[in-house]
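Engineer:
2 protein chains.
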Amino acid sequence: MSNNPTPTLYDVSEKAGVSTATVSRALNFPDRVAEKTRKRVMDAVTALGYSPNFGARAMASRRTNTIGAVIPTMANAMFARGLQAFEEELRRHGFTILVASTSYQPNIEIDQIRSLVARGADGLLLIGHHRDPEIYDFLKAQDVPTLVTWAYDPSEPRPSVGFDNRVAMKAMANEVIKMGHTKIALISGESSLNDRADARIHGVEDAMADAGLDPSDLNIHETTFGIEEGARGFDAVMMSMPRPTAIMCSADVLAVGAMRRARELGISVPEDVSITGFDDLELAQVVHPPLTTVFVPHAEMGRRAGLALARQLTDGTPMGTTELATQPILRGTLAPPKDGTSD
Amino acid sequence: MSNNPTPTLYDVSEKAGVSTATVSRALNFPDRVAEKTRKRVMDAVTALGYSPNFGARAMASRRTNTIGAVIPTMANAMFARGLQAFEEELRRHGFTILVASTSYQPNIEIDQIRSLVARGADGLLLIGHHRDPEIYDFLKAQDVPTLVTWAYDPSEPRPSVGFDNRVAMKAMANEVIKMGHTKIALISGESSLNDRADARIHGVEDAMADAGLDPSDLNIHETTFGIEEGARGFDAVMMSMPRPTAIMCSADVLAVGAMRRARELGISVPEDVSITGFDDLELAQVVHPPLTTVFVPHAEMGRRAGLALARQLTDGTPMGTTELATQPILRGTLAPPKDGTSD
DNA sequence: TCGATTCATGCAAGCCTTTACATTGAACGC
DNA sequence: GCGTTCAATGTAAAGGCTTGCATGAATCGA
Chain W
4 MSNNPTPTLY
14 DVSEKAGVST
24 ATVSRALNFP
34 DRVAEKTRKR
44 VMDAVTALGY
54 SPNFGARAMA
64 SRRTNTIGAV
74 IPTMANAMFA
84 RGLQAFEEEL
94 RRHGFTILVA
104 STSYQPNIEI
114 DQIRSLVARG
124 ADGLLLIGHH
134 RDPEIYDFLK
144 AQDVPTLVTW
154 AYDPSEPRPS
164 VGFDNRVAMK
174 AMANEVIKMG
184 HTKIALISGE
194 SSLNDRADAR
204 IHGVEDAMAD
214 AGLDPSDLNI
224 HETTFGIEEG
234 ARGFDAVMMS
244 MPRPTAIMCS
254 ADVLAVGAMR
264 RARELGISVP
274 EDVSITGFDD
284 LELAQVVHPP
294 LTTVFVPHAE
304 MGRRAGLALA
314 RQLTDGTPMG
324 TTELATQPIL
334 RGTLAPPKDG
344 TSD
Chain U
4 MSNNPTPTLY
14 DVSEKAGVST
24 ATVSRALNFP
34 DRVAEKTRKR
44 VMDAVTALGY
54 SPNFGARAMA
64 SRRTNTIGAV
74 IPTMANAMFA
84 RGLQAFEEEL
94 RRHGFTILVA
104 STSYQPNIEI
114 DQIRSLVARG
124 ADGLLLIGHH
134 RDPEIYDFLK
144 AQDVPTLVTW
154 AYDPSEPRPS
164 VGFDNRVAMK
174 AMANEVIKMG
184 HTKIALISGE
194 SSLNDRADAR
204 IHGVEDAMAD
214 AGLDPSDLNI
224 HETTFGIEEG
234 ARGFDAVMMS
244 MPRPTAIMCS
254 ADVLAVGAMR
264 RARELGISVP
274 EDVSITGFDD
284 LELAQVVHPP
294 LTTVFVPHAE
304 MGRRAGLALA
314 RQLTDGTPMG
324 TTELATQPIL
334 RGTLAPPKDG
344 TSD
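Those protein sequence lines, which keep their order, are chains W and U. Going by the working numbering, the final residue of the first sequence carries number 346, and the count climbs one at a time with no gaps. Going by the working numbering, the final residue of the second sequence carries number 346, and the count climbs one at a time with no gaps.
1) Are three or more beta carbon pairs between the segment 253 to 269 of chain W and the segment 225 to 232 of chain W nearer than 8 Å?
2) Of all the residues that make up the segment 36 to 60 of chain U, which are near chain W by a beta-carbon distance shorter than 9 Å?
3) Tell me whether residue 335 (chain U) sits in a helix, a strand or coil according to DSSP, three-state version.
4) Beta-carbon within less than 6 Å of residue 74 (chain W)'s beta-carbon, same chain only, minus the 5 sequence neighbours each way: which residues are those?
5) Mind pulling the chain W residues with CB within less than 7 Å of residue 9 (chain U)?
6) Which residues, in order along the segment 120 to 134 of chain W, keep a beta-carbon less than 8 Å from a beta-carbon of chain U?
7) May I ask you to verify whether the segment 157 to 173 of chain W touches the segment 197 to 205 of chain W, counting CB pairs closer than 8 Å and requiring at least 3?
8) Please list, in chain order, the chain W residues whose beta carbon lies closer than 8 Å to that of residue 31 (chain U).
9) Just to confirm my understanding: we take residue 346 (chain W), look at its own chain, exclude 5 residues before and 5 after, and list those with CB closer than 6 Å. What are they?
10) Which chain W residues are close to residue 288 (chain U), counting only those with a beta carbon under 9 Å from its beta carbon?
11) Does the distance from the C-beta atom of residue 300 (chain W) to that of residue 333 (chain W) stay below 7 Å?
12) Write down the C-beta distance between residue 249 (chain U) and residue 187 (chain U) rounded to the nearest angstrom, noting that I regard them as a contact closer than 8 Å.
13) To be precise: take each residue of the segment 83 to 105 of chain W, compare its Cβ to all Cβ atoms of chain U, and keep it if any distance is under 9 Å. Which residues remain?
14) Name the chain W residues that come within less than 9 Å of residue 178 (chain U), Cβ to Cβ?
15) I'd like to know whether the C-beta of residue 259 (chain U) is nearer than 7 Å to at least one C-beta of chain W.
16) On the three-state DSSP scale, how would you describe residue 31 (chain W)?
17) Who are the Cβ neighbours of residue 308 (chain U) in its own chain at under 7 Å, not counting the five residues just before and after it?
18) How should residue 285 (chain U) be labelled, buried or exposed, when 16 other C-beta atoms within 10 angstroms of its C-beta is the threshold for buried?
19) According to DSSP, residue 101 (chain W) sits in a beta bridge with which residue or residues?
20) Starting from residue 211 (chain U) and walking both ways along the beta strand (DSSP E), at which residues does that stretch end?
21) Report the residue from U:210, U:271, U:173, U:126 whose alpha carbon sits nearest the alpha carbon of residue 65 (chain U).
22) Measure from the C-beta of residue 254 (chain W) to each C-beta in chain U and report whether the shortest distance is under 7 Å.
23) Would you verify that the beta carbon of residue 78 (chain U) is, or is not, closer than 7 Å to some beta carbon of chain W?
24) Where do the N-terminal and C-terminal ends of the alpha helix (DSSP H) with residue 179 (chain W) fall, by residue?
25) To be precise: take each residue of the segment 155 to 182 of chain W, compare its Cβ to all Cβ atoms of chain U, and keep it if any distance is under 8 Å. Which residues remain?
26) Is there at least one Cβ from chain U nearer than 7 Å to residue 62 (chain W)'s Cβ?
27) Which whole-angstrom value is the C-beta distance of residue 225 (chain W) and residue 191 (chain W), which I expect to be below 8 Å?
28) What is the DSSP secondary structure of residue 251 (chain U), counted as helix, strand or coil?
29) Please work out which residues of its chain come closer than 8 Å, Cβ to Cβ, to residue 211 (chain W), disregarding the five sequence neighbours upstream and downstream, and give them in chain order.
30) How would you call residue 108 (chain U), buried or exposed, if buried means at least 16 neighbouring beta carbons within 10 angstroms?
31) Is there at least one Cβ from chain U nearer than 7 Å to residue 205 (chain W)'s Cβ?
32) Rounded to a whole number of angstroms, what is the C-alpha to C-alpha distance between residue 12 (chain U) and residue 263 (chain W)?
33) According to DSSP, is residue 280 (chain U) helix, strand or coil?
34) Which runs of the beta strand (DSSP E), 3 residues or longer, sit entirely within the segment 77 to 139 of chain U?
35) Let's see if you can read the secondary structure: which residues bound the alpha helix (DSSP H) around residue 294 (chain U)?
36) Closer than 8 Å between beta carbons: that is the criterion. Which residues of the segment 283 to 309 of chain U meet it against chain W?
Dropping the structure here:
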């Protein structure tokens with residue numbers, strides 16, 4: 004057995020007794036090569052254990068069939084379902100996806116985007132619209148089709164497939180208010196780093212305003228997304244005055260953290276305080292009582308995003324902007340406020 | 004503003020009035036270039052918005068500073084914490100990581116590994132030892148340092164950093180048995196696709212044998228990892244005879260699914276049936292009662308794996324095999340079996 | 001002041017594929 | 001039997017970067 008440091012196209016061509024061009028064609032356009040030749044080539048390929056050098060291929064063809072997805076975090080399941088559907092759809096169309104995460108840091112996001120582009124991503128999936136305009140300029144200059152998801156905002160010029168975070172959260176807030184709550188707290192993601200979180204805050208405020216409540220009474224606690232953070236957020240908002248009777252959370256992970264903390268403190272949900280979430284992860288139904296939350300069609304969103312990008316990259320079909328519907332799911336953590344607390 | 008389709012090294016070199024070699028050096032070995040020149044180059048780089056073509060760079064240098072991680076799934080948080088620590092450690096050493104998932108399908112794993120190697124991964128992180136030996140041959144032939152994690156088995160020849168799944172699960176089973184349980188069921192991952200799941204099964208059997216119970220009485224239900232699957236697994240094992248008094252699960256996600264189902268059926272945990280998990284995810288503490296489970300030092304494991312790989316790739320320090328300790332964490336879901344059920 | 005070092009830089013080959021274009025040979029129509 | 005097509009294959013350039021080697025300038029020691 005000879006020492007065989009990474010066989011190249013050339014090695015294959017020699018072994019098969021053809022030119023490198025033919026090998027390349029046999030691999031990429033099997034029908035543009037005679038049956039017999041193809042077989043000879045394939046045999047050589049397997050015999051040698053050849054696998055094409057990605058960099059070289061990318062350089063020569065100016066195409067990678069790779070799509071980059073830049074998400075804020077992999078640490079919780081928030082993006083998992085959507086991403087998985089995205090990946091599956093794209094795989095079906097012959098694309099591979101590269102995932103990068105940013106920890107919600109704008110500068111890391113920039114690095115990740117540049118890195119993905121340098122790696123030859125043919126297209127990009129981004130979460131939310133808001134980011135340094137320079138990035139969009141860069142992407143346009145590099146001619147990388149970019150699709151925004153997890154958000155829908157018709158006033159934005161870029162194509163997107165997502166939902167209206169503000170409207171979605173407003174609908175949930177409407178339910179909370181309808182239940183009789185007036186002292187509402189919100190445990191939210193960092194609005195400055197996260198336009199979805201920001202939109203959700205506005206959603207709650209919208210609902211309050213519509214109901215004749217003063218939006219400035221909304222007690223907002225901003226934090227990063229996580230179960231532990233939800234627990235700490237619970238402490239923070241429960242200590243503030245007036246004590247809220249309903250705590251809305253802009254993510255399920257925050258909500259279950261809050262619920263955990265409530266139990267630790269002997270505060271019962273929803274009797275003593277109502278809690279709502281956002282996302283409708285599986286998580287929402289393993290807690291008790293099951294979490295009232297906003298359903299988001301993650302899988303559908305991922306699938307459609309994948310399809311749009313695939314079409315754009317193969318047919319050139321331009322990507323449009325499509326809105327997906329969300330819906331408040333009433334389960335066990337939302338109930339009317341206790342009486343006697345009314346001022 | 005001229006139309007500037009992706010500036011190259013050459014463009015930069017012209018603008019800076021130096022050769023491409025100098026630009027390359029200015030970028031990669033800043034101290035091997037005169038201060039003034041470097042500044043001129045850097046200015047040109049930013050003016051042009053240059054960013055190096057990854058494929059070309061990889062091809063020329065035969066190095067990518069990229070490490071691939073192939074994990075079974077991103078769908079649940081099982082690998083998230085470990086992976087994040089891995090990524091952070093490696094980033095600190097100047098490496099980028101590429102994550103690919105396999106859905107526990109051996110053939111997908113092969114594809115992913117090949118793809119990562121073709122993409123030029125300088126090193127690889129794999130979960131568990133067990134896979135087609137051909138893969139290891141391939142990796143050796145391609146000269147890609149590979150580290151196994153999430154498992155520790157001194158009988159395996161490959162370097163690894165992980166824990167002994169069998170011993171870890173045995174320790175948990177010991178607690179269950181010590182509590183008085185004899186009718187034990189196990190909701191497990193697919194042992195044929197997952198050597199960790201297999202080892203955990205053996206761990207329970209070991210404990211039973213040690214306690215004088217017949218290991219063949221262990222009621223095993225194999226499924227894929229997921230909350231929903233845990234719920235279905237609960238149904239399955241509770242319907243079998245004899246009805247178990249303790250249900251061990253080889254993952255927390257399975258356990259919380261089982262707990263959810265128990266509540267839906269009005270079966271209380273741990274009064275009617277005990278349930279244990281494995282992993283000690285945050286999830287384990289948001290359910291009620293909090294889940295008795297096996298603590299696994301995910302973050303530590305990821306960090307060490309990252310360090311080992313980084314060392315190997317920079318210094319050439321060979322990667323060893325290191326074992327990490329796990330520990331049963333007794334919380335609320337394990338209690339003695341109800342009396343009267345004893346046959 | 002002059003040869004020997006050292007430092008900064010340039011030259012050009014090489015990395016592995018794809019692909020436009022050229023070539024070959026066979027099949028075909030007349 | 002001959003010119004024409006067409007399918008199959010080959011040739012060679014291009015793609016963007018790194019790096020061994022060569023070169024020239026500056027520095028140093030005596």
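Beta carbons are placed, not taken as given, at the ideal position from N, Cα and C, and that holds for glycine.
Structural biologist: Let's see:
1) yes
2) 52, 54, 55, 56, 57, 58, 59, 60
3) Here residue 335 (chain U) corresponds to residue number 332 of the second sequence, with the count starting at 1. In the structure shown, residue 335 (chain U) sits in coil (DSSP, three-state: anything other than H, G, I, E or B).
4) The residue you call residue 74 (chain W) lines up with position 71 of the first sequence. Contacts found: 82, 104, 130.
5) Numbered from 1 along the second sequence, position 6 holds the residue referred to as residue 9 (chain U). Those within 7 Å of residue 9 (chain U) in chain W are 145.
6) 120, 121, 122, 123
7) yes
8) As a first step, residue 31 (chain U) must be located in the second sequence, where it is residue number 28. Residues of chain W passing the Cβ test: none, with the nearest at roughly 14 Å.
9) What you label residue 346 (chain W) is simply residue 343 of the first sequence in a count that begins at 1. Confidence is the limiting factor: at residue 346 (chain W) the pLDDT is only 43, short of 50, which leaves the residue's position unreliable and the question unanswerable from this model.
10) In the second sequence, the residue the question calls residue 288 (chain U) occupies position 285. Those within 9 Å of residue 288 (chain U) in chain W are 230, 263.
11) As a position in the first sequence, residue 300 (chain W) is number 297, starting the count at 1. As a position in the first sequence, residue 333 (chain W) is number 330, starting the count at 1. No, the Cβ-Cβ distance between residue 300 (chain W) and residue 333 (chain W) is not below 7 Å.
12) As a position in the second sequence, residue 249 (chain U) is number 246, starting the count at 1. As a position in the second sequence, residue 187 (chain U) is number 184, starting the count at 1. Going by Cβ atoms, the distance from residue 249 (chain U) to residue 187 (chain U) rounds to 5 Å, so yes, they are a contact pair.
13) 83, 84, 86, 87, 90, 99, 101, 102, 103, 104
14) Start at 1 with the first residue of the second sequence, and residue 178 (chain U) comes out as number 175. For residue 178 (chain U), none of the residues of chain W pass the 9 Å Cβ criterion, the least Cβ distance being about 23 Å.
15) Working through the second sequence from its first residue, we reach residue 259 (chain U) at position 256. Yes, because at least one Cβ of chain W sits closer than 7 Å to the Cβ of residue 259 (chain U).
16) Working through the first sequence from its first residue, we reach residue 31 (chain W) at position 28. Helix.
17) As a first step, residue 308 (chain U) must be located in the second sequence, where it is residue number 305. Close CB contacts of residue 308 (chain U) within its chain, under the 7 Å cut and outside five residues either way in sequence, are with 89, 128, 150, 152, 164 (chain order).
18) Numbered from 1 along the second sequence, position 282 holds the residue referred to as residue 285 (chain U). Within a 10 Å sphere around the beta-carbon of residue 285 (chain U) sit 16 or more other beta-carbons, which makes this residue buried.
19) Translated into positions along the first sequence, residue 101 (chain W) becomes position 98. W:71.
20) As a first step, residue 211 (chain U) is located in the second sequence; it is residue number 208 there, counting from the start. Counting along the chain, residue 211 (chain U) falls outside any beta strand (DSSP E), though it belongs to the alpha helix (DSSP H) covering 198 to 213.
21) Translated into positions along the second sequence, residue 65 (chain U) becomes position 62. Here the closest residue by C-alpha is U:126.
22) Translated into the one-based positions of the first sequence, residue 254 (chain W) becomes position 251. By this cut-off, residue 254 (chain W) is not an interface position.
23) As a first step, residue 78 (chain U) must be located in the second sequence, where it is residue number 75. Chain W contact via Cβ: present.
24) The residue given as residue 179 (chain W) occupies position 176 in the first sequence. Segment 168 to 181, the alpha helix (DSSP H) holding residue 179 (chain W).
25) none
26) As a position in the first sequence, residue 62 (chain W) is number 59, starting the count at 1. By this cut-off, residue 62 (chain W) is an interface position.
27) The residue given as residue 225 (chain W) occupies position 222 in the first sequence. The residue given as residue 191 (chain W) occupies position 188 in the first sequence. Rounded, the Cβ-Cβ distance is 5 Å, consistent with contact.
28) As a working note, residue 251 (chain U) is residue 248 in the second sequence. Residue state, collapsed to three classes: strand.
29) Locating residue 211 (chain W) in the first sequence gives position 208, where the first residue counts as 1. Excluding sequence neighbours, residue 211 (chain W) sits near 176, 180, 187, 217, 218, 220, 221.
30) Reading the second sequence from its first residue, position 105 is the one you call residue 108 (chain U). Only exposed fits residue 108 (chain U), as fewer than 16 other CB atoms lie within 10 angstroms of its CB.
31) As a position in the first sequence, residue 205 (chain W) is number 202, starting the count at 1. The beta carbon of residue 205 (chain W) does not come within 7 Å of any beta carbon belonging to chain U, so the residue lies off that interface.
32) Counting from 1 along the second sequence, the entry for residue 12 (chain U) is found at position 9. Counting from 1 along the first sequence, the entry for residue 263 (chain W) is found at position 260. Computed Cα separation, rounded: 55 Å.
33) The residue labelled residue 280 (chain U) in the question sits at position 277 within the second sequence. Collapsing the DSSP output to three states places residue 280 (chain U) in coil.
34) 99 to 104, 126 to 130
35) As a first step, residue 294 (chain U) is located in the second sequence; it is residue number 291 there, counting from the start. Per DSSP, residue 294 (chain U) belongs to no alpha helix (DSSP H) and is neither H nor E.
36) 285, 286, 288, 289, 290, 291
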